[in-house]
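>
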Amino acid sequence: QVQLAESGGGLVQAGGSLRLSCAASGIVFRINTMGWYRQAPGKEREMVAFITPGGSTNYRDSVKGRFTISRDNAKNTVYLQMNSLKPEDTAVYYCNKVPMMRTWGQGTQVTVSS
Numbered sequence: 030q031v032q033l034a035e036s037g038g039g040l041v042q043a044g045g046s047l048r049l050s051c052a053a054s055g056i057v058f059r060i061n062t063m064g065w066y067r068q069a070p071g072k073e074r075e076m077v078a079f080i081t082p083g084g085s086t087n088y089r090d091s092v093k094g095r096f097t098i099s100r101d102n103a104k105n106t107v108y109l110q111m112n113s114l115k116p117e118d119t120a121v122y123y124c125n126k127v128p129m130m131r132t133w134g135q136g137t138q139v140t141v142s143s
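In this note's numbering, the protein residues as written are 30 to 143.
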């Protein structure tokens, strides 16, 4: 059974930092490209960043230079370090494979106050 468990969200002031974690089970983690997605109220879910099995990364333009995605294959965990947070980063953050599976975790809420 596939499970994705996100954690690390919270309330932070603009300019602050958070580190999100996502523990995956039920998949062969090391061979999958993993991504972080987010969904803000009233908006479509969007991809934030992804990391390939080999460690190559890609980011959406709005987070380049501020967010860093990484992975630990021994722990089946993908991380998202978020620095210089902005109010427009407020959303529920999810992890999933790329391309995404039907299964989603509960997500973790990130709220950035101005």
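Where is the CB? At the ideal position from N, CA and C, for every residue including glycine. Note that the structure is a prediction, hence the values are computed from the model and not measured.
1) Could you tell me which of GLN30, ALA52 and LEU47 sits nearest to LYS103, measuring between CA atoms?
2) Going by beta-carbon coordinates alone, are THR140 and LEU40 separated by less than 8 Å?
3) In chain order, what residues of the same chain have a beta carbon less than 7 Å from the beta carbon of VAL92, not counting five sequence neighbours either side?
4) Let me confirm a value: ALA120 is counted as buried when at least 16 other C-beta atoms fall within 10 Å, else exposed. Which label applies?
5) Please classify ILE56: does DSSP put it in a helix, a strand, or coil?
6) Within 10 angstroms of its Cβ, does VAL107 collect 16 or more other Cβ (buried), or is it exposed?
7) Whole angstroms are fine: how far does the CA of ASN105 sit from the CA of ASN125?
8) Once you ignore the five residues that flank ASN112 on each side, which residues in its own chain have a CB closer than 6 Å to its CB?
9) To the nearest angstrom, how far is it from the Cα of MET130 to the Cα of SER143?
10) Can you give me the C-alpha to C-alpha distance between LEU33 and LYS115, rounded to a whole angstrom?
The answer reads as follows:
1) Here the question's residue 103 lines up with position 74 in the sequence shown. According to the sequence shown, residue 103 is Ala rather than Lys. The candidate whose alpha carbon is nearest that of ALA103 is ALA52.
2) Start at 1 with the first residue of the sequence shown, and residue 140 comes out as number 111. Start at 1 with the first residue of the sequence shown, and residue 40 comes out as number 11. Yes, the Cβ-Cβ distance between THR140 and LEU40 is below 8 Å.
3) Counted from its first residue, the sequence shown places residue 92 at position 63. Only VAL77 and ALA78 meet the Cβ criterion.
4) Taking the sequence shown and counting its residues from 1, one reaches residue 120 at position 91. By the 10 Å Cβ count, ALA120 comes out buried.
5) Here residue 56 refers to the residue found at position 27 of the sequence shown. Coil.
6) By 1-based counting over the sequence shown, the position of residue 107 is 78. By the C-beta density criterion, VAL107 is buried, having at least 16 other C-beta atoms within 10 angstroms.
7) Numbered from 1 along the sequence shown, position 96 holds the residue referred to as residue 125. Numbered from 1 along the sequence shown, position 76 holds the residue referred to as residue 105. ASN125 and ASN105 have their alpha carbons spaced roughly 12 Å apart.
8) The count along the sequence shown starts at 1 and reaches residue 112 at position 83. The beta carbon of ASN112 is closer than 6 Å to those of SER46 and ARG95 in its chain, skipping five residues each way along the sequence.
9) Here residue 130 refers to the residue found at position 101 when the sequence shown is read from its first residue. Here residue 143 refers to the residue found at position 114 when the sequence shown is read from its first residue. Pairing MET130 with SER143, the inter-Cα distance amounts to about 34 Å.
10) On the sequence shown, position 4 is the one that residue 33 refers to. On the sequence shown, position 86 is the one that residue 115 refers to. Rounded to whole angstroms, LEU33 to LYS115 spans 26 Å at the Cα level.
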